[in-house]
Amino acid sequence: MTGLRIEELPDRLVVTLDRPEKRNAIDADLIGELHAVCAELEARPRLLLLTGGADGIFAGGADIGQLRERGRLDALAAINSAAFARIRALPMPTVAAVDGPALGGGAELAYACDLRVCTARAIFGQPEVRLGILAGAGATHRLPALIGEARAKELLFTGRRVDADEALRIGLVNRVVAEPVELLPTAHGLLDEMAKGSALALRLTKLAVDAPPAAHPQLDLVSQAVLFEDEEKRRRMTEFLERRRSR
């Protein structure tokens, strides 16, 4: 891979955008590499930490040079949105660690993750209307789900940028760290807390939360039935009861 750096840990994959000369702009080659990452995590489900490698930059957006030359058939091919939808649908939870600007497609990539951690110098924004297009890689539906329809429309209609403090206040991010050196340890700490749980319970919980409303409560009941028969559940509950008795 030329646009991503991959670090494999026992329970997670750390994926770093690595196009510093292009401010981590998302081009077709990078999208192909993200598809390859998704294929790996679909075949062998693990947690995912997605971050930007350049100091003070997550992703400056889609590659405008490529976007300018794309036509209607390219738009219908869902080049970026298909990859981001695949990230959103990964079996295990995902965390985006954002330092600096996450704009346009870069912001949409962060929205595709389940949780977001950012630095105090992070900036989110959707400037697409100012470039004559719309935010077509997920922001029109993921952003309202994250921050509410009215706020999302304001950001999508105006292209206004959101700093880290506002992002935390409106629920766009889960954590803000003061210094960039704290970003990855904080993101890993969040994943560490998840990793304490049952992997199967995590997968089924994510599946249930992401399911359409019409799937409930049937999906919850079936998922719980699967977990009730899982040996991991019996082991964990037995250990819990034994600890309580020892106290």
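In terms of the working numbering, the sequence shown opens at residue -10 and continues consecutively. Glycine included, every Cβ here is placed at the ideal spot set by N, Cα and C. All values reported here derive from a predicted model rather than from experimental measurement.
Segment limits, beta strand (DSSP E) that includes residue 90: Counted as a single uninterrupted DSSP element, the beta strand (DSSP E) harbouring residue 90 occupies residues 90 to 92.
Looking at C-beta atoms only, is the number of pairs between the stretch 93 to 110 and the stretch 157 to 169 that lie closer than 8 Å three or more? Yes: at least three Cβ pairs fall under 8 Å.
Nearest candidate by alpha-carbon position, reference residue 127, set 115, 177, 119 and 231: Here the closest residue by C-alpha is 115.
Which term fits residue 81, buried or exposed, when burial requires 16 or more other beta carbons within 10 angstroms of its beta carbon? So residue 81 ends up on the buried side.
DSSP state of residue 164 mapped onto helix, strand, coil: If DSSP states are grouped into helix, strand and coil, residue 164 belongs with the strands.
Please state whether the Cβ-Cβ distance between residue -7 and residue 2 is less than 8 Å. In this structure, residue 2 does not lie closer than 8 Å to residue -7 by Cβ.
In whole angstroms, what is the alpha-carbon distance linking residue 242 and residue 146? The requested residue 242 does not occur in the structure, where the chain is confined to residues -10 to 236.
Does the stretch 82 to 91 touch the stretch 35 to 50, meaning 3 or more C-beta pairs lie closer than 8 Å? Contact between the stretch 35 to 50 and the stretch 82 to 91 is present: 3 or more CB-CB pairs across the two stretches fall below 8 Å.
On the three-pair Cβ rule with 8 Å, is the stretch 6 to 23 touching the stretch 47 to 62? A contact exists between the stretch 6 to 23 and the stretch 47 to 62.
Taking only runs of the alpha helix (DSSP H) that begin and end inside the stretch -8 to 42, which ones reach a length of at least 4 residues, in chain order? If we require 4 residues or more, the alpha helix (DSSP H) runs fully inside the stretch -8 to 42 come out as 17 to 32.
Quick one: grab the DSSP three-state call for residue 112. Taken through DSSP and simplified to helix, strand or coil, residue 112 comes out as strand.
When the Cα of residue -1 is compared with those of 181, 47, 124 and 12, which residue comes out closest? By alpha-carbon distance to residue -1, the top candidate from 181, 47, 124 and 12 is 181.
Are the beta-carbon atoms of residue 96 and residue 113 separated by less than 8 Å? Contact check for residue 96 against residue 113 passes: the beta carbons are separated by less than 8 Å.
Among the candidates 56, 184 and 93, whose CA atom is the shortest distance from the CA of residue 48? For residue 48, the closest of 56, 184 and 93 by C-alpha to C-alpha distance is 93.
Report yes if the CB atom of residue 212 is closer than 8 Å to the CB atom of residue 193, and no otherwise. In this structure, residue 212 places its C-beta atom within 8 Å of the C-beta atom of residue 193.
Report the residue ranges of all beta strand (DSSP E) runs contained in full by the stretch 58 to 145; include only those spanning at least 3 residues, in chain order. You should have 83 to 87, 90 to 92, 104 to 108 and 112 to 114.
DSSP state of residue 219 mapped onto helix, strand, coil: The three-state reading of DSSP puts residue 219 in coil, since its state is none of H, G, I, E or B.
Please report the straight-line C-alpha distance between residue 143 and residue 209, rounded to a whole angstrom. C-alpha separation (whole angstroms): 35 Å.
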